[in-house]
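Following: one structure in structure tokens, then a few remarks.
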Amino acid sequence: MAGGATTPALVAGVSNAGGLGSLAASLLSPSVMRDQAAIIRSMTTQPFLINLFVLETPSPSQEDIAEASELLRPLWESLGWDRLSVPAAWCESFEGQLAALIELRPAAASFTFGILTPAQVERLHSAGIFVIGTVTTVDEALAWETVGADAVIASGVESGGHRGTFLGPQEEATLSAKALWPLVAAAVKIPTIAAGAIMTGVDILEAMSLGAEAVQMGSAFLVCDESGINQHYRNALIHAGDTPTRLTRAFSGRYARGLENRFMQEMKAVETRVPAYPVQNALTTGIRAAAAAKGDTGLMSLWAGADIRRARPMSVAKLMQTLVAEMRTK
Ligand SMILES: Cc1cc2nc3c(=O)[nH]c(=O)nc-3n(C[C@H](O)[C@H](O)[C@H](O)COP(=O)(O)O)c2cc1C
Numbered sequence: 110m111a112g113g114a115t116t117p118a119l120v121a122g123v124s125n126a127g128g129l130g131s132l133a134a135s136l137l138s139p140s141v142m143r144d145q146a147a148i149i150r151s152m153t154t155q156p157f158l159i160n161l162f163v164l165e166t167p168s169p170s171q172e173d174i175a176e177a178s179e180l181l182r183p184l185w186e187s188l189g190w191d192r193l194s195v196p197a198a199w200c201e202s203f204e205g206q207l208a209a210l211i212e213l214r215p216a217a218a219s220f221t222f223g224i225l226t227p228a229q230v231e232r233l234h235s236a237g238i239f240v241i242g243t244v245t246t247v248d249e250a251l252a253w254e255t256v257g258a259d260a261v262i263a264s265g266v267e268s269g270g271h272r273g274t275f276l277g278p279q280e281e282a283t284l285s286a287k288a289l290w291p292l293v294a295a296a297v298k299i300p301t302i303a304a305g306a307i308m309t310g311v312d313i314l315e316a317m318s319l320g321a322e323a324v325q326m327g328s329a330f331l332v333c334d335e336s337g338i339n340q341h342y343r344n345a346l347i348h349a350g351d352t353p354t355r356l357t358r359a360f361s362g363r364y365a366r367g368l369e370n371r372f373m374q375e376m377k378a379v380e381t382r383v384p385a386y387p388v389q390n391a392l393t394t395g396i397r398a399a400a401a402a403k404g405d406t407g408l409m410s411l412w413a414g415a416d417i418r419r420a421r422p423m424s425v426a427k428l429m430q431t432l433v434a435e436m437r438t439k
């Protein structure tokens, strides 16, 4: 979970309990990736995974940036700013991150937002790394199988954070988790890893009864003691009550699910016009950071899955124990 939720303690905690902890490296430079992997390795001897976004570095025109900044004007003006700063870089270089990942040789690597070439998959395999692609449709699952992936994560529309869609319009990749999992499992020979609204051991068993060989969970771990999210975000999740989650491209330029808030509501009318990820994501980073510093959850991205209300705050070790116990008592 990129953006601060994943900490080495959370990753190691999952791996130490027999799961596969995942280091979200999409926003990290190669040198920070190395530092974080070293800390994880000091906390666990068990396998872990590194996750990246498959991205091309964009080069938006000055006009595109000016227009995007204008669409965000009501939000940055409300912070008392007279202009929106343009970031020095839009994203990390994917090639640089992939080279660092291969050098670090985690047991597994997962990818989202795009697909690797067969040659890139081969480079990972030559380093002994198990390769997983994230999919939101059957066609995407077949595409990852064709390039040589070892497994696919089938992410239902309920999933928290960004949709991984890379073939066809993101708006059309809306299959629910329970509809998508059996379709993907039937279409590919490689294992299907189920994702989307899995919060308990009983949910894990249900996903496995629908064709999954493993599950990926995000939101359930967001409220663990070891999660790196700030106190305001954590409180918003724990006290979500009736606040709905919704998919929005307002924060990042790619559809992602989070708790509905003022940012989403004010941008609703123009969200289809904001530039694609990572440009919009980089342009809104300062707004979100300033809001977080003030504790203003109205302008933060409160990424969360549709079933966030069922998340249980506790330590990662306790959550893993609880999930296993729930699977055994069913
Ligand atoms: C805060 C947050 C950040 C996420 N960041 C990433 C990421 O960096 N890479 C990725 O592949 N998936 C990311 N995801 C998706 C999760 O890996 C997982 O598929 C999803 O959370 C499953 O749905 P759930 O939240 O209902 O458990 C993120 C999810 C959340 C909630």
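Here this note's numbering is used: the first residue of the sequence shown is 110, the next is one more, and so on.
From the three backbone atoms N, C-alpha and C, an ideal C-beta is built for every residue, glycine too.
Could you name the residues of the same chain whose beta carbon sits closer than 6 Å to that of residue i, not counting the 5 residues immediately before and after it, in chain order?
| i | result |
| --- | --- |
| Ala146 | Leu213 |
| Met326 | Ile307 |
| Ile148 | Pro117 |
| Asn339 | Ala401 |
| Leu289 | Ala263, Gly265 |
| Gly404 | His341 |
Below 8 Å between beta carbons: does that hold for residue i and residue j?
| i | j | result |
| --- | --- | --- |
| Ile302 | Val261 | yes |
| Ala349 | Arg418 | yes |
| Glu322 | Pro291 | no |
| Leu225 | Val163 | yes |
| Ala286 | Gly310 | no |
| Leu158 | Gln206 | no |
| Ala114 | Ser135 | no |
| Leu369 | Thr354 | Residue identity differs from the one stated: residue 369 is Glu in this sequence, not Leu. Contact flag set, yes. |
| Ala365 | His271 | yes |
| Val388 | Trp199 | yes |
| Trp412 | Gly237 | no |
| Ala177 | Pro384 | yes |
| Leu210 | Met142 | yes |
Please return the same chain residues whose Cβ sits closer than 8 Å to the Cβ of residue i, not counting the five positions on each side in sequence.
| i | result |
| --- | --- |
| Leu119 | Gly130, Phe330, Cys333, Glu335, Ser336, Gly337, Val425 |
| Ala65 | Nothing can be reported for residue 65: it is not among the residues displayed for the chain, which extend from 110 to 439. |
| Gly362 | Val383, Pro384, Ala385, Tyr386, Pro387, Val388, Gln389, Asn390 |
| Pro215 | Leu132, Ala146, Pro156, Phe157, Leu158, Ile159, Ile238 |
Within 10 angstroms of the Cβ of residue i, are there 16 or more other Cβ atoms? Answer buried if so, exposed if not.
| i | result |
| --- | --- |
| Ser328 | buried |
| Thr154 | exposed |
| Gly367 | buried |
| Gln450 | Since the first and last residues shown for the chain are 110 and 439, residue 450 lies out of range. |
| Arg182 | exposed |
| Glu249 | buried |
| Ser219 | buried |
| Val179 | The identity of residue 179 in the sequence shown is Glu, whereas the question assumes Val. So Glu179 counts as exposed. |
| Thr393 | buried |
| Arg192 | exposed |
Residues in its own chain within less than 7 Å of residue i by CB, not counting five upstream and five downstream?
| i | result |
| --- | --- |
| Thr283 | Val266 |
| Val195 | Ile174 |
Output the residue ranges of the alpha helix (DSSP H) runs that lie fully inside the segment 183-214 and measure 4 residues or longer, sorted by chain position. 203-213
Please give me, in chain order, every unbroken run of the beta strand (DSSP E) with length at least 3 that falls completely inside the segment 120-188. Listed in chain order, the beta strand (DSSP E) elements of length 3 or more contained wholly in the segment 120-188 are 130-133, 157-162.
For the segment 238-277, which segments carrying the beta strand (DSSP E) assignment without a break, of at least 3 residues, lie completely within its bounds, in sequence order? 239-244, 260-264
Could you pull out every unbroken alpha helix (DSSP H) segment of at least 4 residues lying fully inside the segment 286-321, listed in chain order? 286-296, 310-318
Please go through the segment 359-430 and give each complete beta strand (DSSP E) segment of 3 or more residues, from N-terminal end onward. Here the runs fully enclosed are 365-368.
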